[in-house]
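The opening position of the sequence shown corresponds to residue 4 in my numbering, with each subsequent residue numbered one higher. Beta carbons: idealized from backbone N, C-alpha and C, even for Gly. Just so it is clear, the structure is predicted and the values come from calculations on it, not from any experiment.
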Amino acid sequence: MAASGLLEIEDARRLVLGAAMPLAAEPVDLRSALGRVLAEDLSADRPVPAFDSSAMDGFAVRAVDVADAGERNPALLRVIDESRAGAPARASLGDGQAITISTGAVLPAGADAIVPVEDTRRQDGRVEVLAVAAVGAHVRRAGDDVRAGQAVLARGAAIGAAELGVLASLGAATVRCSRRPRLSVLVSGDELLMPGEPFRPGAVRDSNSLTISALARGDGAEVIGSATVQDEADATVAAIAASVKGADVAVICGGVSVGEHDHVRPSLQALGAQPAFWGLALKPGRPTWFGTLGATLVFGLPGNPVSAMVTFVLLVRPALRALLGLPPQLRRPTAVMEHDYEKPAGRAHAVRCRISVHEDGWHAEPTGAQGSHVLTSMLDADALAILPTDAVAVHAGERVEIEPLQPWTGAPL
Ligand code: AMP
Ligand code: MG
């Protein structure tokens, strides 16, 4: 708790993580598993590669037959068969013999080395070997990549391109993944205009529906609904009741503060929601509410467009990660502040920054005016610099913690 009586963002995050349990697993076809999270440990039932094979196009030989070979003293071997990728040789290799071989083809029985085609001269039915090849030369061994029985991927692994490839190489066709969190978005405000609606005095175009849905999808959630409600008590109760239905996470934006027309908190109370916190020592993002309603995690985020995005990244994203079974990100990377930044003590500041790469690592440069209504400050932002609650000034050259704005794991398509 900060001196102001507001909750520190790290304490808030802990409360959120304490309430977010991994969702059940479901089978997922490997072809649709990009961006999903493994809910099982996977090991190999056979080695990868499955057999000894050639790493080069050339000839499979016995090393002993080419032990004295050189440009001026070629070893002459009889070519008795061919081993192609997918079509192994039938013959096994004897004294003075060679088998033509392609990259990836099975190493024939009796052979113990590969001579690359560049080190040979082809004759009719024979091959001249112009260089020695030691035992094992250019041979890939079975199990070089994965041994039989080896544990390869663990529960909680985010499935990206490399994971998909490794799972395919293990022969997995279907993998068990955590179910994607179902998330609903509800925006509140009499002033809100939906896309395409003509402008009217005092109106504000709704951006939160889009930013929050987009962030949620990027973090692996399935957005199951997006609704709008007027600043009216009964309508707000009904809209919240509808938006938690079937949702693992309900995000409500706006109307969560203390104004006469802010109906979200009283409505949540009327519906029997269990509050965990309200009020963060964070700028932007002070009027943030979190609690549960039945099995649904409910976030009441501030309506200001930047505050909504910032509090989503700092609190809803960790919840989605936990629901997916991803490990919590306990430490933040750091970056060097490019400019002095002054702030009063009392709340941590989440400063939108561009990140650039320098000799001493990442540098952070604020994107400009930092008002919570200045949504364009998010346009070029790569990260939030998190300036601690008690800090009053950060000087150029000081290192600060940063929260990357892009999710760290692959996003579902
Ligand atoms: P509130 O949190 O309802 O007090 O709203 C704070 C500010 O955010 C007000 O200026 C609202 O007009 C604005 N706001 C609320 N919801 C949205 C939204 N969905 N899109 C854009 N601005 C919003
Ligand atoms: Mg409002």
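Looking at the DSSP output, R93 bridges to nothing. In this structure, V138 lies away from A72, with their beta-carbon atoms at least 7 Å apart. In the structure shown, the three-state DSSP call for V135 is coil.
At a Cβ-Cβ threshold of 7 Å, T392 and A15 do not count as neighbours. The DSSP-derived three-state label of F54 is coil.
For M340, the secondary structure class from DSSP, reduced to helix, strand or coil, is strand.
By the Cβ test, the region 315 to 331 is in contact with the region 290 to 305, since at least three Cβ pairs between them sit closer than 8 Å.
For V403 against A367, the beta-carbon gap comes to about 7 Å, under 8 Å, which counts as contact.
In the three-state DSSP reduction, F62 falls in the strand class (E or B). Put simply, the region 83 to 97 does not touch the region 24 to 39. Fewer than three CB pairs are less than 8 Å apart. Remark: C-beta atoms of L329 and V40 approach each other more closely than 7 Å. In summary, F202 is exposed, with fewer than 16 beta-carbon neighbours lying within 10 Å of its beta-carbon over all protein chains present. Between P184 and V254, the C-beta gap is not smaller than 7 Å, which leaves the two residues out of contact. Under the DSSP definition of a beta bridge, S86 partners with I104. Each of D265, P407, A396 and L189 was checked against the Cα of P347, and the nearest Cα belongs to A396. Within the region 271 to 295, the complete beta strand (DSSP E) segments at least 3 residues long are 277 to 281, listed from N- to C-terminus. In the three-state reduction of the DSSP assignment, R334 falls in the coil class, being assigned neither a helical nor a strand state. Within the same chain, P77, V130, E131 and L133 come within 8 Å of R124 by CB-CB distance, once the 5 residues on both sides are set aside. Between S181 and L333, the CB-CB gap reaches or exceeds 7 Å.
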